[in-house]
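One structure below.
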Amino acid sequence: MAIPKPTLVLSLLALLFSIASLSAHAGVSIRLAGPDIAAICDKSLDRQFCLNYLQSTPGISAADLKGSGLIVLNSARAEASGTESYVKGLLAKAANPKQKEAYKTCLSNYDDAVGNIEAARESMSGGDYNGANIQASAAQENADTCDGGVKGTELSGKNQHLVKVLGIVLIIANRLLGG
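Mapped onto mature numbering (1 follows the signal peptide of the UniProt record, and there is no 0), the consecutive letters of the sequence shown carry residue numbers -26 to -1, 1 to 153.
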């Protein structure tokens, strides 16, 4: 006896719905694909930077959204730590008192930025995406504050790069929050 086509179609749809539902409850996550990267970068202030960054960062294409956020945060932490060391070197060589003061401010800001990025990473790992958003935003503010006294320098370029990377974290955290 043949199964009527409408019954077969409904049965297949019910099976697909069940599989999708089980996957969602089992914690199976969807990987970040090209369209997801484009959707993230469409919300970025510098879309091309975002696309280049996400497409060239190792591990992103194999990670889910949360994993991608953690990868970007790890990269941001390494970048902030490197910039902190860079600022220490600038401070050691600075002769101009005004320049020295700007570097001291930056050093303090980058110390805070590293801590804020680490806190954002812990929040994201624990599923506290709002906390990750707040901490990443604070780290952006740290880099922006440093930038105030060093505009037009190589350090300014490093500050703005970190701000853009952390902007990607903010977008990912917002998507994880459902936005």
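For glycine and all other residues, C-beta sits at the position ideal for the given N, C-alpha and C.
These numbers come from a predicted model, not from an experiment.
* Nonlocal neighbours in the same chain, by C-beta distance under 6 Å from Ser(-4), ignoring five residues either side -> Caution applies to Ser(-4), whose pLDDT of 32 falls short of 50 and renders its modelled position unreliable; the value that the coordinates give is listed next. Excluding sequence neighbours, Ser(-4) sits near nothing in its chain.
* To do: Could you have a look at Asp20 and say whether DSSP puts it in helix, strand or coil?
  => Asp20 falls in the coil class under three-state DSSP.
* Please classify Arg21: is it buried, with 16 or more other beta-carbons within 10 angstroms of its beta-carbon, or exposed? => Classification for Arg21: exposed.
* To do: Taking only the alpha-carbon atoms, compute the straight-line gap between Glu128 and Ala113 and give it to the nearest angstrom.
  => C-alpha separation (whole angstroms): 19 Å.
* Asked: Alpha carbon to alpha carbon, what distance is there between Leu39 and Val2?
  -> Caution applies to Val2, whose pLDDT of 38 falls short of 50 and renders its modelled position unreliable; the value that the coordinates give is listed next. The straight-line gap from Cα to Cα measures roughly 12 Å.
* Asked: How do the segment 43 to 60 and the segment 133 to 140 stand: do at least 3 beta-carbon pairs fall below 8 Å, yes or no?
  -> Because the criterion of three Cβ pairs below 8 Å is met, the segment 43 to 60 and the segment 133 to 140 touch.
* How about residue 184 and Gln134: do their beta carbons lie closer than 9 Å? -> Summary: the structure shown does not reach residue 184, with the chain confined to residues -26 through 153, and so no result is reported for it.
* Could you say if the segment 120 to 127 and the segment 75 to 92 meet the contact criterion of at least three C-beta pairs nearer than 8 Å? => Using a Cβ-Cβ distance cut-off of 8 Å, the segment 120 to 127 and the segment 75 to 92 are in contact, since at least three pairs of beta carbons, one from each stretch, lie closer than that value.
* Closest Cα partner of Leu81 within the set Lys72, Ala94, Ser97, Leu64 -> Checked all of Lys72, Ala94, Ser97, Leu64; the closest Cα to Leu81 is Leu64.
* 7 Å Cβ shell around Ile11 - same chain, five flanking residues per side excluded -> Excluding sequence positions up to five before and after Ile11, its CB lies within less than 7 Å of the CB of Leu25, Leu28, Gln29, all in the same chain and listed in chain order.
* Asked: Which word fits Lys67, buried or exposed, when buried means at least 16 other C-beta atoms lie within 10 angstroms of its C-beta?
  -> Around the C-beta of Lys67, fewer than 16 other C-beta atoms lie within 10 Å, and the residue is accordingly described as exposed.
* Asked: Hey, quick one: how far does the alpha helix (DSSP H) through Thr119 stretch, first residue to last?
  -> Note, Thr119: alpha helix (DSSP H), 103 to 121.
* Reduced DSSP secondary structure (H/G/I, E/B, other) of Leu(-5) -> Here Leu(-5) scores only 32 on pLDDT, less than 50, and its place in the model is too uncertain to base an answer on.
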